[in-house]
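> Here the numbering used here is used: the first residue of the sequence shown is 15, the next is one more, and so on.
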Amino acid sequence: MEPTSPKAADLRERGWFALHNGVPDNAGTGGEALVSGTGHPVDDAAVRATVVAATRYDPADRYVLFELRPTEVRCNGYGDVSLPERRRCARRP
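(1) Would you mind giving the Cβ-Cβ distance between Pro-55 and Val-87, rounded to the nearest angstrom? I have them listed as a contact below 8 Å.
(2) Cα separation between Phe-80 and Arg-26?
(3) DSSP state of Pro-84, grouped into three classes?
(4) What number of angstroms, rounded off, separates the C-alpha of Val-95 from the C-alpha of His-34?
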């Protein structure tokens, strides 16, 4: 992301994130998901090169990179989406 992005500043200052997808209608078609955890700046050139090689676009050199480490993942299906049974996984460092 851009180095001046408010999201980057927030990750640097608070160190945590939460992502939630929107649903397209009142029926919740497609279900929903939530991912939260911690965000860590990545300055390692080798890691950046690996990430850049895996992208489908050409990230600008000025972009900053963060590693997102999820600590919680939740999802809900609403009739049109079947989900596997709930399970809890221990976070590994």
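In this text, a Cβ means the ideal position worked out from N, Cα and C, and glycines have one as well.
If we stick to the structure as given:
(1) With 8 Å as the limit, Pro-55 and Val-87 do not qualify as a contact, their Cβ atoms being about 22 Å apart.
(2) 9 Å
(3) strand
(4) 17 Å
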